[in-house]
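Chemist: As they're listed, the protein sequences go chains A and B.
Quick note, this note's numbering runs 1 ahead of the 1-based positions in the first sequence.
Quick note, this note's numbering runs 1 ahead of the 1-based positions in the second sequence.
2 protein chains.
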Amino acid sequence: MPEKRKLHLNAFLMSVGHHEASWRLPESDPYAGWSVKHYQELARIAERGRLDSLFLADSPVQQGDPGRRPTGKLEPTVLLTALAGVTSRIGLIATASTSYNEPYNLARRFSSLDHISDGRAGWNIVTTAGADAARNFGLDDVPLHRERYERADEFLEVATKLWDSWADDAVLADKDAGVHADAAKVRAINHRGRYFRVDGPLNVPRSPQGWPLLVQAGSSEDGRDFAAKWAEAVFTAQQTLAEGRAFYRDLKQRAAALGRDPDGVKILPGIVPVIGDTAAEARELDAELERLISPEYARAQLAERFHLTPADLPLDEPLPDNLPTEDQIEGAKSRFTLIVDLARRENLTVRQLIGRLGGGRGHRTFAGTPSQVADTIEEWFDSGAADGFNIMPAVLPSGLVAFVDKVVPILQERGRFRTEYEGATLREHYGLPRPAATSFAYHPELITQ
Amino acid sequence: MPEKRKLHLNAFLMSVGHHEASWRLPESDPYAGWSVKHYQELARIAERGRLDSLFLADSPVQQGDPGRRPTGKLEPTVLLTALAGVTSRIGLIATASTSYNEPYNLARRFSSLDHISDGRAGWNIVTTAGADAARNFGLDDVPLHRERYERADEFLEVATKLWDSWADDAVLADKDAGVHADAAKVRAINHRGRYFRVDGPLNVPRSPQGWPLLVQAGSSEDGRDFAAKWAEAVFTAQQTLAEGRAFYRDLKQRAAALGRDPDGVKILPGIVPVIGDTAAEARELDAELERLISPEYARAQLAERFHLTPADLPLDEPLPDNLPTEDQIEGAKSRFTLIVDLARRENLTVRQLIGRLGGGRGHRTFAGTPSQVADTIEEWFDSGAADGFNIMPAVLPSGLVAFVDKVVPILQERGRFRTEYEGATLREHYGLPRPAATSFAYHPELITQ
Ligand SMILES: Cc1cc2nc3c(=O)[nH]c(=O)nc-3n(C[C@H](O)[C@H](O)[C@H](O)COP(=O)(O)O)c2cc1C
Ligand SMILES: Cc1cc2nc3c(=O)[nH]c(=O)nc-3n(C[C@H](O)[C@H](O)[C@H](O)COP(=O)(O)O)c2cc1C
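1) Is A218 (chain A) near ligand 4, judged by its Cβ being under 6 Å from some heavy atom?
2) Measuring from the CB of A58 (chain B), is there a heavy atom of ligand 1 at a distance below 6 Å?
3) Compare the Cα-Cα distances from N348 (chain A) to each of A:K334, A:L320 and A:P371 and report the closest residue.
4) Can you list the alpha helix (DSSP H) stretches of 4 or more residues lying completely in the segment 62–86 of chain A, in chain order?
5) Just confirm the distance between the C-beta atoms of H9 (chain A) and L290 (chain A), as a whole number of angstroms; I'd bet it's less than 8 Å.
6) Whose CA, out of B:W212, B:G245 and B:E158, lies closest to the CA of S220 (chain B)?
7) Would you decide whether R195 (chain B) is buried or exposed? Buried here means 16 or more other CB atoms lie within 10 Å of its CB.
8) Given 6 Å as the limit, tell me if G245 (chain A) has its C-beta closer than that to any heavy atom belonging to ligand 2.
9) CB A438 (chain A) to CB D169 (chain A), shorter than 7 Å?
10) Could you check which residue in A:K162, A:D177 and A:V205 has the C-alpha nearest to that of N191 (chain A)?
11) Taking Cβ-Cβ distances below 8 Å as the criterion, which residues of the segment 187–203 of chain B are in contact with chain A?
12) Is any beta-carbon of chain A found at less than 7 Å from that of N348 (chain B)?
13) Nearest to D383 (chain A) by CA position, among A:R417, A:D342 and A:A171, is which residue?
14) Given T99 (chain B), which residues of its chain have a CB within under 7 Å of its CB, disregarding the five upstream and five downstream residues?
15) Taking D66 (chain A) as the query, report the chain B residues whose CB atoms sit under 8 Å from its CB, ordered along the chain.
16) Using a cut-off of 7 Å between C-beta atoms, extract the partners of E42 (chain A) located in chain B.
17) How would you list, in chain order, the residues of chain A whose beta-carbon sits under 7 Å from the beta-carbon of E103 (chain B)?
18) Are the CB atoms of V143 (chain B) and W167 (chain B) within a distance shorter than 7 Å?
19) What residue ranges within the segment 2–36 of chain A form continuous beta strand (DSSP E) runs of no fewer than 3 residues, ordered along the chain?
20) So, at 7 Å on beta carbons, what are the nonlocal neighbours of L339 (chain A) in its own chain, with the 5 sequence-adjacent residues on each side left out?
21) Using three-state DSSP, classify G1 (chain B) as helix, strand or coil.
22) Figure out for me which residue from A:H146, A:V408, A:S54 and A:R149 has the closest Cα to the Cα of L215 (chain A).
23) According to a CB-to-CB cut-off of less than 7 Å, which residues of the segment 108–120 of chain B neighbour chain A?
24) Measuring CA to CA, which of A:L401, A:Q413 and A:V351 is closest to A375 (chain A)?
25) Quick one: complete alpha helix (DSSP H) runs, 4+ long, within the segment 88–162 of chain B?
26) Beta carbon of F236 (chain A): closer than 6 Å to some heavy atom of ligand 1?
27) With a threshold of 8 Å, are at least 3 pairs of Cβ atoms found where one atom belongs to the segment 307–325 of chain A and the other to the segment 65–78 of chain A?
28) Measuring straight from C-alpha to C-alpha, what distance separates A1 (chain A) and S16 (chain A)?
29) Consider the Cβ of L489 (chain A): report whether some Cβ of chain B lies at a distance smaller than 7 Å.
30) For Y249 (chain A), tell me which candidate among A:G18, A:L259 and A:P270 has the shortest Cα-Cα distance.
31) Chain B partners of K74 (chain A), CB-CB under 8 Å?
32) Would you please verify whether the beta carbon of W124 (chain B) is less than 7 Å from any beta carbon of chain A?
33) Taking T128 (chain A) as the query, report the chain B residues whose CB atoms sit under 9 Å from its CB, ordered along the chain.
34) Would you grab the beta carbon distance between A395 (chain A) and V273 (chain A) for me? Rounded to a whole angstrom, and I think it's under 8 Å.
35) Please report the distance separating the alpha-carbon of T1 (chain B) from that of A243 (chain B).
36) Look at the alpha carbon of G120 (chain A) and the alpha carbon of T88 (chain A), and state the distance between them as a whole number of angstroms.
Structure representation (structure tokens):
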């Protein structure tokens, strides 16, 4: 019997959970968002479950109303370094923005994290929607969606050249001759582009993985093209199996059209598992969380997303007809469309929509028993909608504990998930190759000098 | 008898030591520069010695010839986070540049490090001399010295406003009412300046220390003015006691003239202690290190500093007369002057000068027994040249071990240095106050809205 195809699991860690009201549960520590101990506990749990990786989302802005939910959070490259210290195998994926960073500094931090963690660093590349973030960086409004992705593309070009600017065998350490490195193998990159001019080389030798694992989460046209070119793992929000399959097929095709091995791009839809020992118990936890949502606050967020005012969205009526179209949205385009489609498909009132979004902000919530959760994961995995999942527990740590202690063993029993780590690096967990330094790996056309 | 005034000690960690040839010693690990384990060992040694802090220098550029000495190094805010995990008391000071960072991102990383370390973060604020660094950030040449310091000043204005944008008591965590923070205590900063426009607030609650400890190391006129306004600790290179006293007096006066308590600015000259059990042993270690220097390489560096070519500097002749003057140097002005003065004062040939600089790059090298090292520290401390010292071991870890195990006990016996940590935070170790959030602390004139 051939070995079953193995799935990949990523733990998306977010304060006390993905449900916006989770902090109000008796069990939750409302200061956990900026507590290194909390995150270290989560990292240990995820590693106990042999998960491929853990992941921290981010945006360089105070997001949402601090009166309503925990908004403070630590910078991810720094926080992941602290998590590297208490784990030894699990991959560590940090979000960072190409719109509001300099490539030299960011490439260096990821290289440093990869050295410190012995090859466990990953970068979730985002272009950062929202005018509020732009206004922390000298701009009046967010740069156009297309321009953000153009800059992101050039940013990756610079970053990969910097990571490759030291050959793997550059350091000689010849004490007798007094020669530390072969200077010919530490090369300037002399990048001259539209957004960046960077001489290089990087001031860090090539790291264990060569490049951090490149992860991406944009689902718009621009976002998918970018992912097809650069991403090795893709996070995505998909509500139905049919949509999930269409997205999966589309992205693999785009990657293949660029000459890449489609298997070199792992697709990881999000799932918010609400786990109970019985289906009724799971539904009860789900309902308790929904009761704790403040609809006024969620309505204001929804209105902002739609470029409307809260008064335009009566709570007990369906969404109005006069919504903008996706091409009028300069922020998160694909998330906008997902939400409108969900509301229309299921004929939801604004209040019902808010309840549905409260858990996963557009990600699929699934309340059920451990084996029901394992079933839906297998179903998506087997029907061409996923190479693995982005696990987004509604409540943390308890939801992660439930997933690791109850769902993972079922997936292991069914031969779907590893029982021990086999590789050492994050790339090895995902079965992805280490890029060669000499070729600028996937993109030989990038060598400009 | 009144308690003796206590001195402060900072361990300046740099790869395998401050001597440029230290990596060639049999004991040295030539890969240590980017090894987290090496730095963790150093941090543990420094904490065992009850030192106030440890410190990492930095520049966002590949510095020097990688063929000749170890040049790779990890990004300091990330590396210090890894050191926070293996220590519990010692302060952690990272260098970061105001010329090549965005205030929102950097303020956030320091706030994160302060949270993660429970109040042990410090920031060595530099403006980064050198065209090579500029060319990693889209510029053709380094910005003018004066302009770099103007930008640094505004950078600090923005950073301190961001650190104060959450009041200390902003978070309420009222689960029943569903109120996480008092939104009125999380304030936009709406900064509009010449270099930066930043709306804020920061997306991290105020950290244990409020602000990281602010450290500075510029010794030029602009640098001293900046230090007098912002710095709470000042690193400096001083070759003679007379120069040290003059610098000390000058900086305290400048701080007082701005209305600050002169005792709120700690002056820490650098010292490169080369320690032997006998004076002869110390001199032998010093001579061994000098023999390992490649004069050609050091001459090229010196020539660059003087805006000359190596051929302009015959090894066995004194410095030529046609050197530029300090005001023609756009890089490190005060270091230039220190080196020229040293060569002229002691009538050194280029080769001799190179030997003197090899150890401390302009810092005072002192070869002697543990009690001789303790004596010179006490002498400077008692005669108004220092509030403490920046300890720069020529070889690491062995030089730090020697200092901690042999010099520190003498200073403790003499009642000059703590035998146990008394405070918890870096500010407490240096006897410096925690800035209040509501007043923008030292600079009420900064409140612009
Ligand atoms: C699982 C997941 C995680 C994401 N994390 C972030 C994040 O941390 N920061 C961010 O700015 N955007 C994040 N995004 C948003 C995407 O980067 C992207 O902006 C969004 O999906 C809209 O896609 P588009 O930009 O292609 O329209 C995330 C999206 C998904 C699906
Ligand atoms: C102990 C010490 C440490 C320093 N560390 C750094 C550093 O890490 N990065 C940097 O760019 N400059 C560093 N400097 C240089 C100063 O920031 C400054 O540029 C230099 O002393 C010249 O002063 P000036 O800029 O006022 O002319 C350091 C200086 C001293 C004395």
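For every residue, glycine included, the Cβ atom is placed at its ideal position computed from N, Cα and C.
Keep in mind it's a predicted model, so treat the numbers as computed, not measured.
Modeler: Straight from the coordinates:
1) Ligands present in the displayed structure are limited to ligand 1 and ligand 2, and ligand 4 is not among them.
2) no
3) A:L320
4) Entirely contained in the segment 62–86 of chain A, the alpha helix (DSSP H) runs reaching 4 residues are, in chain order, 77–85.
5) That belief does not hold up - the Cβ atoms of H9 (chain A) and L290 (chain A) are roughly 27 Å apart, past 8 Å.
6) B:G245
7) A residue is called buried once 16 or more other Cβ atoms fall within 10 Å of its Cβ, and R195 (chain B), having fewer, is exposed.
8) no
9) yes
10) A:K162
11) V187, F197, R198, V199, D200, G201, P202 and L203
12) no
13) A:R417
14) I126, T128, R152, A153 and F156
15) A184
16) Those within 7 Å of E42 (chain A) in chain B number zero; the least Cβ separation is about 14 Å.
17) Here the neighbours are Y101 and F138.
18) It is not a contact, given that the beta carbons lie outside the stated cut-off.
19) 9–14
20) A238, Q240 and G363
21) Missing from the structure shown is residue 1 (chain B); chain B here goes from 2 to 450 and no further.
22) Relative to the Cα of L215 (chain A), the nearest Cα in the group A:H146, A:V408, A:S54 and A:R149 belongs to A:S54.
23) The residues in question are R109, R110, S113, L114, H116 and I117.
24) A:Q413
25) 104–117 and 132–135
26) yes
27) They do not touch, by the three-pair rule.
28) The requested residue 1 (chain A) is not part of the displayed model; chain A covers only 2 to 450.
29) The first residue shown for chain A is 2 and the last is 450, placing residue 489 (chain A) beyond what the model contains.
30) A:P270
31) N204 and V205
32) no
33) Simply none; closest approach about 16 Å.
34) 5 Å
35) No answer is possible for residue 1 (chain B): the residues shown for chain B start at 2 and end at 450.
36) 12 Å
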